[in-house]
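Number of protein chains: 2
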Amino acid sequence: MSDSTNITMKDIARDLGVSVATVSRALKDSPRISAEKREEIKKYAQEHNFYPNILAESLRKSKVQPMKIIGVIVPQLAHFYFSSILSGIEEEASSHGYRLMVAQSKENYENEVKICRAFSESKVCGIIVSQAKNTTKYDHFQTLLEKGVPLVFYDRISTGVNASRVVVDDYMGAFTAVTHLINIGCKRIAYYGTSLTMEIAKNRYNGYRDALLKNGMHPDEQLIRNCDNRADAELITPDVMQLPQPPDAFFAVNDDTAIGILYSCKRLGFRVPEDVSICGFTNGQRAIACDPMLTTVEQRGVRVGEEAASILIDQVEGRLPKNRVERRVVRTRLILRGTTR
Amino acid sequence: MSDSTNITMKDIARDLGVSVATVSRALKDSPRISAEKREEIKKYAQEHNFYPNILAESLRKSKVQPMKIIGVIVPQLAHFYFSSILSGIEEEASSHGYRLMVAQSKENYENEVKICRAFSESKVCGIIVSQAKNTTKYDHFQTLLEKGVPLVFYDRISTGVNASRVVVDDYMGAFTAVTHLINIGCKRIAYYGTSLTMEIAKNRYNGYRDALLKNGMHPDEQLIRNCDNRADAELITPDVMQLPQPPDAFFAVNDDTAIGILYSCKRLGFRVPEDVSICGFTNGQRAIACDPMLTTVEQRGVRVGEEAASILIDQVEGRLPKNRVERRVVRTRLILRGTTR
Numbered sequence: 045m046s047d048s049t050n051i052t053m054k055d056i057a058r059d060l061g062v063s064v065a066t067v068s069r070a071l072k073d074s075p076r077i078s079a080e081k082r083e084e085i086k087k088y089a090q091e092h093n094f095y096p097n098i099l100a101e102s103l104r105k106s107k108v109q110p111m112k113i114i115g116v117i118v119p120q121l122a123h124f125y126f127s128s129i130l131s132g133i134e135e136e137a138s139s140h141g142y143r144l145m146v147a148q149s150k151e152n153y154e155n156e157v158k159i160c161r162a163f164s165e166s167k168v169c170g171i172i173v174s175q176a177k178n179t180t181k182y183d184h185f186q187t188l189l190e191k192g193v194p195l196v197f198y199d200r201i202s203t204g205v206n207a208s209r210v211v212v213d214d215y216m217g218a219f220t221a222v223t224h225l226i227n228i229g230c231k232r233i234a235y236y237g238t239s240l241t242m243e244i245a246k247n248r249y250n251g252y253r254d255a256l257l258k259n260g261m262h263p264d265e266q267l268i269r270n271c272d273n274r275a276d277a278e279l280i281t282p283d284v285m286q287l288p289q290p291p292d293a294f295f296a297v298n299d300d301t302a303i304g305i306l307y308s309c310k311r312l313g314f315r316v317p318e319d320v321s322i323c324g325f326t327n328g329q330r331a332i333a334c335d336p337m338l339t340t341v342e343q344r345g346v347r348v349g350e351e352a353a354s355i356l357i358d359q360v361e362g363r364l365p366k367n368r369v370e371r372r373v374v375r376t377r378l379i380l381r382g383t384t385r
Numbered sequence: 045m046s047d048s049t050n051i052t053m054k055d056i057a058r059d060l061g062v063s064v065a066t067v068s069r070a071l072k073d074s075p076r077i078s079a080e081k082r083e084e085i086k087k088y089a090q091e092h093n094f095y096p097n098i099l100a101e102s103l104r105k106s107k108v109q110p111m112k113i114i115g116v117i118v119p120q121l122a123h124f125y126f127s128s129i130l131s132g133i134e135e136e137a138s139s140h141g142y143r144l145m146v147a148q149s150k151e152n153y154e155n156e157v158k159i160c161r162a163f164s165e166s167k168v169c170g171i172i173v174s175q176a177k178n179t180t181k182y183d184h185f186q187t188l189l190e191k192g193v194p195l196v197f198y199d200r201i202s203t204g205v206n207a208s209r210v211v212v213d214d215y216m217g218a219f220t221a222v223t224h225l226i227n228i229g230c231k232r233i234a235y236y237g238t239s240l241t242m243e244i245a246k247n248r249y250n251g252y253r254d255a256l257l258k259n260g261m262h263p264d265e266q267l268i269r270n271c272d273n274r275a276d277a278e279l280i281t282p283d284v285m286q287l288p289q290p291p292d293a294f295f296a297v298n299d300d301t302a303i304g305i306l307y308s309c310k311r312l313g314f315r316v317p318e319d320v321s322i323c324g325f326t327n328g329q330r331a332i333a334c335d336p337m338l339t340t341v342e343q344r345g346v347r348v349g350e351e352a353a354s355i356l357i358d359q360v361e362g363r364l365p366k367n368r369v370e371r372r373v374v375r376t377r378l379i380l381r382g383t384t385r
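Here the protein sequences line up with chains A and B, keeping their order.
All you need for my numbering is the position in the first sequence, starting with 1, plus 44.
All you need for my numbering is the position in the second sequence, starting with 1, plus 44.
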């Protein structure tokens with residue numbers, strides 16, 4: 045935690061008209077201070093959320109710069125988009141002299157809670173986090189905010205907590221992609237996406253729906269599928285392509301799913317993009333490995349990471365008020381490649 | 045740094061027959077200790093490489109567990125193989141109650157030196173590192189070892205430093221893959237790899253060469269190319285395929301290069317695998333996104349990361365002697381897919 049967010053021993057000493065040494069001794073229960081005085085000081089410290097920052101204190105004493113460490117929680121490390129974001133965070137942080145403590149929740153709420161606690165004990169100056177898929181309670185984040193630890197969400201933001209956040213313009217990314225599919229002549233555009241409990245899923249779906257509506261088309265329940273990975277996409281696409289009125293285009297919530305659709309269509313004998321156009325979302329390494337290469341919405345992970353770190357550092361260093369909720373949106377880019385006409 | 049790797053103030057006090065407080069005061073140049081005594085204690089501390097570990101000391105005093113932080117240096121974070129390794133390190137470390145401080149060298153020697161210094165100042169208990177591509181001096185690593193900071197290399201090991209290391213069996217991986225190509229009837233097998241300054245490049249090349257020699261074939265200079273990325277592979281493959289005696293198979297030093305060869309061959313009208321077989325090295329996300337899917341040598345990054353963290357933690361906690369050089373080899377696996385007959 046940065047010095048600016050906490051009351052210090054110096055503050056307590058000044059407020060109570062005693063020396064810093066007295067405060068320090070009282071908080072350590074030293075018999076050199078009267079029991080009465082000790083109680084008074086400890087009560088005051090508690091009421092003002094004094095957080096005995098041993099580390100910062102020892103470093104201050106030794107005249108070494110206080111450690112500037114940012115905690116980063118990543119749902120999965122071996123994941124292209126998250127590792128791009130981590131790279132952006134690292135670049136921005138290291139250029140400002142901050143170091144990163146990194147942990148992965150492995151998409152698990154309990155791990156996330158433990159990491160928050162560990163980071164808080166390690167006196168990180170702030171935390172940058174994307175929540176686990178199964179996180180639906182937010183006490184652990186709320187506790188950090190109450191302790192004055194700046195918190196910045198990226199990608200999967202928490203609607204249950206009022207904290208700063210960086211997302212990509214999921215709605216506009218999807219809207220632009222689907223509008224492009226309509227402009228090149230696609231009439232029946234399927235949507236493969238995740239359940240709508242996550243903000244990003246909701247926004248991408250809404251972008252898809254609004255692009256259809258704006259162009260006089262109507263979402264067809266038969267073409268809207270709950271699917272967010274390649275294995276499932278390969279499983280369900282044969283059925284979707286055997287509908288009486290099969291789709292002539294797919295918009296998928298990520299590249300992995302789009303590639304499942306691509307291979308499924310090719311195996312079924314459909315030509316991509318002549319018979320079927322496909323658009324993904326991510327623009328990871330897979331998007332240029334597949335054949336034809338994938339048209340997709342680029343999520344710009346590095347930029348997302350840089351923005352998240354930048355907000356956090358501004359709050360830690362006082363350029364942004366610590367209780368200000370920043371909402372930043374990184375623009376996506378539609379990358380046209382071989383899977384669309 | 046762990047307590048076990050350094051002489052402590054307690055040790056000095058015992059050895060000189062004075063109190064710990066006296067040692068502490070002498071090292072802080074307190075006038076409460078005679079100039080003579082101060083000199084004696086400081087000289088002894090210096091001779092025994094006493095490293096005033098302010099952090100550990102303050103934590104010891106406050107009876108909080110000393111911070112268990114491992115520094116990890118990654119050449120690039122947005123990179124499938126390295127992020128897999130980081131994931132393995134994180135899993136092993138967190139299961140033992142260690143936290144990770146992560147920094148990327150961005151393949152740059154100067155950054156690597158700065159990170160080593162920063163990690164050392166942060167009193168990490170050890171460092172896990174894969175060196176930058178352009179690192180050819182090793183003083184920064186040597187300094188850490190001399191300070192007693194355990195060091196474990198992964199993937200790109202440093203031949204200039206005698207430290208523990210975890211690599212995959214690059215030689216056997218290549219040997220097995222090329223032997224497979226020979227067994228399925230390939231007669232002219234090309235090799236695309238990096239220059240031989242890096243250990244891994246040397247070992248993979250030797251595996252290729254020895255598989256040929258063992259089967260009565262001879263490396264053909266025309267088929268051995270200095271190429272380790274897709275763009276270069278797409279550039280040079282047309283020439284290679286127009287040789288009077290073109291190759292009927294390729295072994296590439298990574299998946300990215302293999303995919304460049306694949307698309308180049310397809311564009312030139314060759315059928316994969318009927319006319320040309322291709323084998324990569326990595327087994328990243330790209331390997332199953334390309335069409336046909338890539339036969340490749342799996343590098344098992346998560347396992348490499350787990351082994352590296354395990355060695356480091358064993359050294360920190362005294363289960364392995366701190367000056368013992370551990371060399372662990374993670375076995376690769378040949379994954380057969382559509383690019384080989």
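Ideal placement from N, C-alpha and C gives every residue a C-beta, glycine not left out.
Residues of chain B whose Cβ lies closer than 8 Å to the Cβ of I303 (chain A) are, in chain order, A333. Look at the beta carbons and you see the stretch 122-137 of chain A touching the stretch 113-121 of chain B: at least three pairs across the two are nearer than 8 Å. In the DSSP annotation of this structure, the continuous segment of the alpha helix (DSSP H) that includes M53 (chain A) starts and ends at 53-60.
Non-local C-beta neighbours of L356 (chain A) in its own chain, meaning closer than 7 Å and more than five positions away in sequence, comprise I114, G170, I172, P194, V196, ordered along the chain. No Cβ-Cβ contact shorter than 8 Å links E278 (chain B) with G237 (chain B). For S208 (chain B), the three-state secondary structure derived from DSSP is strand. Among the residues facing chain A, V316 (chain B) is not included, as its CB has no counterpart in that chain under 8 Å away. Counting only the Cα atoms, A275 (chain A) lies some 21 Å from I233 (chain A). By alpha-carbon distance to N367 (chain A), the top candidate from A:Q186, A:N227, A:P336, A:S308 is A:Q186. Look at the beta carbons and you see the stretch 281-288 of chain B not touching the stretch 242-257 of chain B: under three pairs across the two are nearer than 8 Å.
Beta-bridge partners assigned by DSSP to S138 (chain A): none are found. Taking CB atoms only, L121 (chain A) has a neighbour in chain B less than 8 Å away. For I117 (chain A), no alpha helix (DSSP H) segment is defined; the enclosing uninterrupted segment is the beta strand (DSSP E) at 113-118. The straight-line gap separating the alpha-carbon atoms of L378 (chain B) and G324 (chain B) is approximately 10 Å. DSSP places F314 (chain A) outside any beta strand (DSSP E), giving it a letter other than H or E. Taken through DSSP and simplified to helix, strand or coil, A221 (chain A) comes out as helix. Counting along the chain, no alpha helix (DSSP H) covers G362 (chain A), and no H or E run does either. S354 (chain A) carries a helical assignment under DSSP once its states are collapsed to helix, strand and coil. Rounded to whole angstroms, the gap between the alpha carbons of Y182 (chain A) and S202 (chain A) is 8 Å. Within the stretch 203-225 of chain A, no residue has a Cβ lying closer than 8 Å to any Cβ of chain B.
Listed along chain B, the residues sitting closer than 9 Å to V346 (chain A) by beta-carbon distance are A122. Short of 6 Å from the beta carbon of T339 (chain A), and not among the five residues preceding or following it, lie these beta carbons of its own chain, in chain order: C323, L380, R381, T383, T384. Less than 8 Å divides the Cβ of V64 (chain A) from the Cβ of M53 (chain A). Cβ contact annotation for D214 (chain B) (same chain, cutoff 6 Å, sequence separation greater than five): I244, N247, R248, in chain order. When DSSP reads this structure, N259 (chain B) sits in no beta bridge, so it has no partner. Of all residues in the stretch 136-157 of chain A, those with a C-beta nearer than 7 Å to a C-beta of chain B are S138, R143, L144, M145, V146, A147, Q148, reading in chain order.
For R274 (chain B), the enclosing alpha helix (DSSP H) covers residues 274-285.
A Cβ of chain B is located within less than 8 Å of the beta carbon of A162 (chain A). Around L188 (chain A), no beta-carbon contact reaches into chain B at under 8 Å, the shortest distance being about 16 Å.
At least 8 Å separates the CB of S321 (chain B) from every CB of chain A.
Excluding five sequence positions before and after C309 (chain B), the CB atoms of its chain that fall closer than 6 Å to its own CB belong to V316, V320, given in chain order. Neighbours of S131 (chain B) in chain A, taken as residues whose beta carbon is under 8 Å from its own, are Q120, L121, A122, Q148 in chain order. In the three-state DSSP reduction, L71 (chain A) falls in the helix class (H, G or I).
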